[in-house]
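A.B. asks: Sharing a structure here in structure tokens format.
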Amino acid sequence: MQSPSPNKNHATLILQSALLCFFVFNSCSKSQSTPPAKYDGFVYANHPVDSDTIIIEAFFDPVCPDSRDAWPPLKQALQYYGPHVSLIVHLLPLPYHDNAYATSRALHIVNRTNSSATFCLLEWFFKQQEKFYNAPTQNMTRTAVVKEIVKFAAEGIGNSYSSALESGFSDRSTDLLTRVSFKFSATRGVYATPTFFVNGFSLAGAGSPLDYNGWRKVIDPLLSEKGKKREVPLHLFL
Numbered sequence: 001m002q003s004p005s006p007n008k009n010h011a012t013l014i015l016q017s018a019l020l021c022f023f024v025f026n027s028c029s030k031s032q033s034t035p036p037a038k039y040d041g042f043v044y045a046n047h048p049v050d051s052d053t054i055i056i057e058a059f060f061d062p063v064c065p066d067s068r069d070a071w072p073p074l075k076q077a078l079q080y081y082g083p084h085v086s087l088i089v090h091l092l093p094l095p096y097h098d099n100a101y102a103t104s105r106a107l108h109i110v111n112r113t114n115s116s117a118t119f120c121l122l123e124w125f126f127k128q129q130e131k132f133y134n135a136p137t138q139n140m141t142r143t144a145v146v147k148e149i150v151k152f153a154a155e156g157i158g159n160s161y162s163s164a165l166e167s168g169f170s171d172r173s174t175d176l177l178t179r180v181s182f183k184f185s186a187t188r189g190v191y192a193t194p195t196f197f198v199n200g201f202s203l204a205g206a207g208s209p210l211d212y213n214g215w216r217k218v219i220d221p222l223l224s225e226k227g228k229k230r231e232v233p234l235h236l237f238l
């Protein structure tokens with residue numbers, strides 16, 4: 001048997017070194033992936049959740065037009081189904097929306113201050129999100145954009161939030177919360193907004209809104225399987 005040539009030995013060493021570096025790097029990356037202190041997301045309406053509750057997870061970008069269009073029919077469906085359905089909204093600041101990260105961070109700041117105002121601010125962003133599209137802010141500095149977001153948010157949910165928003169953008173913890181949202185989206189394989197999961201399973205059509213009838217087609221069969229019948233809340237007759 002011929003002994004291996006020096007060139008072949010050299011190539012083998014390079015391959016072994018490359019594989020070693022890959023596994024070391026991969027192990028280090030995994031060890032540094034520390035779970036957050038609490039599950040990511042904003043809970044809508046805080047309905048009691050049990051084993052029969054249908055869980056919807058929505059991935060939104062505050063300055064995404066499709067996220068904006070997806071919200072009204074989803075909200076209508078939530079109002080229709082009441083406590084049978086629970087919603088968690090996760091933020092995915094898309095990198096090609098220049099102000100997605102800053103607006104997402106504003107939502108985390110407000111949620112930490114008063115969670116009952118979170119969805120009010122989200123709807124406020126949706127209502128006038130054109131203000132924070134790429135073109136209107138392309139000549140503004142990051143500092144100027146943040147100031148505009150603080151001012152805009154305070155106009156929508158109350159001036160009492162101004163100081164919390166201003167200080168929140170200087171607080172590293174709110175930056176970390178926003179990063180967790182982005183990383184959480186990545187762990188779920190989400191790359192577009194809106195994206196929806198129902199009871200842990202993704203719905204088809206990522207990146208496109210789902211209308212009210214679409215939600216009915218998804219949820220009605222699930223409730224039928226559970227043997228549940230939707231009851232009209234008594235307060236509607238009062």
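To convert, note that position 144 of the sequence shown is 144 in full-length UniProt numbering; the numbers rise steadily by one, no gaps. Backbone N, C-alpha and C define an ideal beta-carbon position, used for all residues, glycine too. Note that the structure is predicted; figures quoted are calculated from it, not measured.
1. Which two residues bound the contiguous beta strand (DSSP E) that contains Ala58?
2. Just to check my reading of the structure: Thr137 and Asp175 have Cβ atoms closer than 8 Å, yes? What is that Cβ distance to the nearest angstrom?
3. DSSP has Tyr44 in a bridge; who is on the other side?
4. May I ask you to report which of helix, strand or coil DSSP gives Ala37?
5. Hey, could you find the ends of the beta strand (DSSP E) Thr195 is sitting in?
6. Could you pull out every residue in the same chain whose Cβ sits closer than 6 Å to the Cβ of Asp227, ignoring the five residues on either side in sequence?
7. Going by beta-carbon coordinates alone, are Leu78 and Ala45 separated by less than 9 Å?
8. May I ask you to list the residues that DSSP assigns as paired with Phe201?
9. Roughly how many angstroms lie between the CA atoms of Leu222 and Asp61, to the nearest whole one?
10. Below 8 Å, can you find three or more Cβ-Cβ pairs linking the stretch 186-195 to the stretch 56-71?
11. Whose CA, out of Phe182, Asn114 and Thr143, lies closest to the CA of Ser170?
12. Consult DSSP for Gly227 and reduce its assignment to one of helix, strand or coil.
13. For Pro93, count neighbouring C-beta atoms within 10 Å of its own C-beta (all shown protein chains included) and say buried if the count is 16 or more, exposed if not.
14. Rounded to the nearest angstrom, what separates Thr113 and Asn134 at their Cα positions?
15. The alpha helix (DSSP H) with Ser67 in it runs from where to where?
16. Could you tell me which of Gly214, Arg188, Asp211 and Tyr212 sits nearest to Ile202, measuring between CA atoms?
17. Check Gln138 in the structure and name its three-state DSSP category.
18. Quick check: His108 and Thr34, are their CB atoms within less than 9 Å of each other?
19. Short check: CB of Glu123 to CB of Trp71, under 9 Å?
20. Which term fits Cys28, buried or exposed, when burial requires 16 or more other beta carbons within 10 angstroms of its beta carbon?
21. Hey, how far is the Cα of Asn199 from the Cα of Ser185?
22. From this set, Lys217, Trp215 and Ser86, which residue's C-alpha is nearest Thr53's C-alpha?
23. Please say whether Val145 and Ala102 have beta carbons closer to each other than 9 Å?
24. In its own chain, which residues sit with a C-beta less than 8 Å from the C-beta of Gly214, not counting the 5 before and 5 after it?
25. In this structure, does DSSP put Asn159 in helix, strand or coil?
C.D. replies: Concretely, from the data shown:
1. Ile54 to Phe60
2. About 19 Å separates the two Cβ atoms, so there is no contact after all.
3. Leu87
4. coil
5. Thr195 to Val198
6. The sequence given here has Gly at residue 227, not Asp. Nothing meets the Cβ criterion.
7. yes
8. Val198
9. 28 Å
10. yes
11. Thr143
12. coil
13. buried
14. 28 Å
15. Pro65 to Tyr81
16. First, the residue type needs correcting, since residue 202 is Ser and not Ile in the sequence shown. Checked all of Gly214, Arg188, Asp211 and Tyr212; the closest Cα to Ser202 is Arg188.
17. coil
18. no
19. yes
20. Any reading at Cys28 needs caution, since the residue's pLDDT is 36, under 50, leaving its predicted position unreliable; the model's value is listed next. Answer is exposed; the Cβ neighbour count stays below 16.
21. 16 Å
22. Ser86
23. yes
24. Pro73
25. helix
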